[in-house]
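Chains as they are written, first to last, in our numbering: chain D, 9 to 380; chain W, 569 to 800; chain E, 283 to 648.
For every residue, glycine included, the Cβ atom is placed at its ideal position computed from N, Cα and C.
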């Protein structure tokens, strides 16, 4: 095949092109992976807990950690019609000692059997009594049977279950009972007069939709903001700014991929014009030339893709991002389709150039070589 | 450069052999030639006769496999590529068959390219370029790009470029192959006028017998071997 | 007459693919750099400004300002350690601020301080008065306004501006220790601290004392109840700082490498087209070095022009981004990107060197 022979004879050119495109694809994939891992690390715990409506204090700006509700407000929320189950939810970052090391964890306290408990466990069982806890397992800091105490002392918590994809604010999460939460907070700050919950986790009564319930709670209790779980996840602090920043970065990277692929295949085609014209003049159909070009494009993009995926796997293992990077195959597939699709669009111009070649130009050309 | 009393070009038993695998091609076979300090010599032969190879060797573009090449007293046959580059910069001028002007430079700038690569005085070079343009009747076209010039005008710029570095020897490859008879005659007249005016020597390679009367002497070359044709 | 520059001027469209790609890559680099700097400054401003070489935390707080507690007795112990010149208490609380006339609340970090940080005046005379970080202007805050903080809407009034004092991406508000305690009591009754208890201590060392040694001495004197570190260590220990730096730098370095590859590819293709001209140049006496110098010159010019256009692009993008996205452009980062781009461009052009050297002047005549 003429197309692959040309590549074999000019490895530097095509190597550089595949390398550049591969690196750019890697940038897109890596940033995509970073984005989805980051978003999940911010809000995974929220997504995994059972309350489909979350009620925060209204000055908390949709921020669970900034929210604090007095017990009478919790009562008011619980008595709004349409509420199936309601329970206080405590959220706080604490320093704990695990395996002899001090690490920061997001502690989430919920009453056993009530909304706020993690819904999906990877192993073990939920926390049913004080002194038990379920940990998110990404950072491998916790295993079933481990004992965890706050750095300030206080009663220990035994890990009875593990869950995944449940980090909060880019920290490992520990799901405990609300009583355990309260006692750990008191142990950390003996000056505190009381421990108030951060939010109320609510499951609507049968037949009531979460959005409708959230609106009624908002109307009935003015000091709170009620969000559906989806809204809470989307509105959590850091989510929209992260998405905004990455949107800019990803857009720029994807546009560069398309441009580089398109431009450089165009240049390669223009440089071959003499040879291509000759081929047309001796009877090669236009479709043959276009097919050759597309074969090269597919080959180059294929190599680039391999480079990109290889680098992605290396980078997710090697770079210290502080959060567990999980490659999301679905997002990766979508990114690949977008990148390859745009690259092919870029190449369209080169294809048009090939189709435009007029075989008559082979005759009367002042010589294939020379400058003018 | 001043006039040297010695020959502008001396070839002694020059031989050029190309090897590809086991096969050997002899492009030039023991050619000997002497060109006087202000002499014009025409080299005539069919394509493949080795005349272009001989021209390249004379101008320091190729090194011979065997033999001596002496240009205006410099024995260049043993020069390394770097020294050959300096030699070409200072001592010879070329007029190429396919004109080879830089497409994005004006006529004047195409002349100045030659002195750009040397450490010559910029003002003097510019004055020299303008003078050449006048002699070649190109003053009006000095600021035109090659695509704005006619075929004959482009050829004249190429001729001017060959003289920019005040060479001892000018080597001209098929100057009329792309031009009709009338234009070809005009260009040859111009070349001869310039060569005579500066007392430079010239070797002109051509397959066009109609142009040989411009030269002082014509030599034939066939299959790499130089012979004498009738002198003019 | 410089050949390289003439070609750039007379045939600019020839260089469009490389320039356009580099413009976008510059935009990417400046945006990445701007995000990294914005995140860093927004997270660490308050700590970087603190006076003194050391910061003392409670040892069970894992270097978290918010979870650290230092009582009056410990503070007294710290003050007595040899090598300690001055000690100041610092406390903070993170909450939302309602701004008059604005629908959205701003996230703020209210600090109570004894010793003024760099760029911040001495604590305001009256309780309830604070200085505000200039970043809050983007949220509509004005001098003289009264902000309502926390769920109980505790009022504080803005009496002046300070800059680069944000903490954990929340706008810095700076008031006396009384103001801080009152706001804490109002907004977070479950986190109040006894009078005389601070969260961290800022410690200045006497002239000639080694800060690292003094830090160790402090922690020994308190029986291990404190953890004292240098200010820069404390800054780097803020959540996410080192990880942001390594992640962003990995992406930035990759992007620079892409720029080098794009330039390399471009000049390889350009050199192929120029083989004819270069052979002629060599025939009339140009050396490979002279020709290659032209290539490098063009690579540098392309990098410079692309950087300038790319910088405009980045500034435009920056203007369109909402204030919640911590994007900060700085001259030093811009200079870094410019220099990096020129270096990468030069390296990329070097890939064509062998090709230029291999061009045989004899081909001009055949």
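Do you know offhand how far residue 405 (chain E)'s Cα is from residue 457 (chain E)'s? C-alpha separation (whole angstroms): 6 Å.
Flag this pair as touching only if the segment 605-621 of chain E and the segment 327-335 of chain E have three or more C-beta atom pairs under 8 Å; answer yes or no. Too few Cβ pairs lie closer than 8 Å, so no.
Out of D:211, D:272 and D:333, which one is the CA nearest neighbour of residue 62 (chain D)? Looking at the Cα atoms, D:211 is the closest of the given residues.
Given this structure, state the Cα-to-Cα distance separating residue 630 (chain E) from residue 275 (chain D), to the nearest angstrom. 18 Å
Same chain, Cβ closer than 6 Å to residue 382 (chain E), five either side skipped, listed in chain order: So the qualifying residues of the chain are 427.
If distances are taken between C-alpha atoms only, which option among W:630, W:656, W:720 and W:588 comes closest to residue 640 (chain W)? W:656
Among W:733, W:679, W:613 and W:783, which has the Cα closest to the Cα of residue 707 (chain W)? W:679
Can you give me the Cβ contacts of residue 357 (chain D) inside the same chain, cut-off strictly under 8 Å, excluding the 5 residues immediately before and after it? 270 and 274
Give the single residue among W:763, W:579 and W:784 whose Cα lies nearest to the Cα of residue 599 (chain W). W:579
In whole angstroms, give me the CA-to-CA distance for residue 439 (chain E) and residue 602 (chain E). Distance between the alpha carbons of residue 439 (chain E) and residue 602 (chain E): 31 Å.
Expected contact under 8 Å - CB spacing of residue 374 (chain E) and residue 325 (chain E) to nearest Å: The Cβ separation is near 13 Å, so there is no contact.
So, with DSSP's three-state summary, where would you put residue 739 (chain W)? strand
What residue ranges within the segment 294-375 of chain E form continuous alpha helix (DSSP H) runs of no fewer than 4 residues, ordered along the chain? The qualifying runs are 298-330 and 354-361.
Between the C-alpha atoms of residue 148 (chain D) and residue 353 (chain D), what's the straight-line distance to the nearest angstrom? 44 Å
In angstroms with no decimal places, state the Cα-to-Cα distance between residue 704 (chain W) and residue 289 (chain E). Looking at the two C-alpha atoms, the distance is approximately 26 Å.
For chain D, is any of its Cβ atoms less than 8 Å away from the one on residue 334 (chain E)? no
Look at the Cβ atom of residue 576 (chain W), then the Cβ atom of residue 769 (chain W), and state whether they are nearer than 8 Å. yes
Between which two residues does the alpha helix (DSSP H) containing residue 267 (chain D) stretch? 247-279
Where do the N-terminal and C-terminal ends of the beta strand (DSSP E) with residue 163 (chain D) fall, by residue? 161-171
Beta-carbon gap between residue 700 (chain W) and residue 728 (chain W) smaller than 8 Å: yes
For a quick check, are the C-beta atoms of residue 777 (chain W) and residue 756 (chain W) less than 8 Å apart? Contact flag unset, no.
Is residue 665 (chain W) closer than 8 Å to residue 742 (chain W) when the C-beta atoms are compared? yes
Counting C-beta neighbours from all protein chains within 10 Å, is the total for residue 798 (chain W) 16 or more, i.e. buried, or is it exposed? Low per-residue confidence applies at residue 798 (chain W): pLDDT is 43, beneath 50, and the placement is therefore not dependable, though the value from the model is reported in the following sentence. Residue 798 (chain W) is exposed by the Cβ-count criterion.
Identify whether residue 373 (chain D) lies in helix, strand or coil by the three-state DSSP scheme. Low per-residue confidence applies at residue 373 (chain D): pLDDT is 48, beneath 50, and the placement is therefore not dependable, though the value from the model is reported in the following sentence. It is coil, neither helix nor strand.
So is residue 365 (chain D) buried or exposed if we call it buried at 16+ other beta carbons inside 10 Å? buried
Report yes if the CB atom of residue 98 (chain D) is closer than 8 Å to the CB atom of residue 117 (chain D), and no otherwise. Contact: yes.
The beta strand (DSSP E) with residue 592 (chain W) in it runs from where to where? 591-603
Measuring CB atoms only, is the segment 330-337 of chain D touching the segment 241-248 of chain D, in the sense that at least three cross pairs come out at less than 8 Å? no
Assuming residue 123 (chain D) contacts residue 59 (chain D) under a Cβ cut-off of 8 Å, what Cβ separation, rounded to an integer in Å, is found between them? 4 Å
Any idea which residues DSSP pairs residue 582 (chain W) with across the strands? W:599
Taking only the alpha-carbon atoms, compute the straight-line gap between residue 284 (chain E) and residue 740 (chain W) and give it to the nearest angstrom. 28 Å
Does the beta carbon of residue 335 (chain D) come closer than 8 Å to any beta carbon on chain E? no
Closer than 9 Å at the beta carbon, the chain E residues around residue 645 (chain W): The contacting residues do not exist; residue 645 (chain W) stays about 15 Å from chain E at best.
Between the segment 220-236 of chain D and the segment 19-39 of chain D, do three or more beta carbon pairs fall short of 8 Å? no
Let me know the secondary structure DSSP gives residue 429 (chain E) once reduced to three states. Residue 429 (chain E) falls in the strand class under three-state DSSP.
Under the assumption that residue 599 (chain E) contacts residue 313 (chain E) (Cβ atoms under 8 Å), give the Cβ distance between them as a whole number of angstroms. 6 Å
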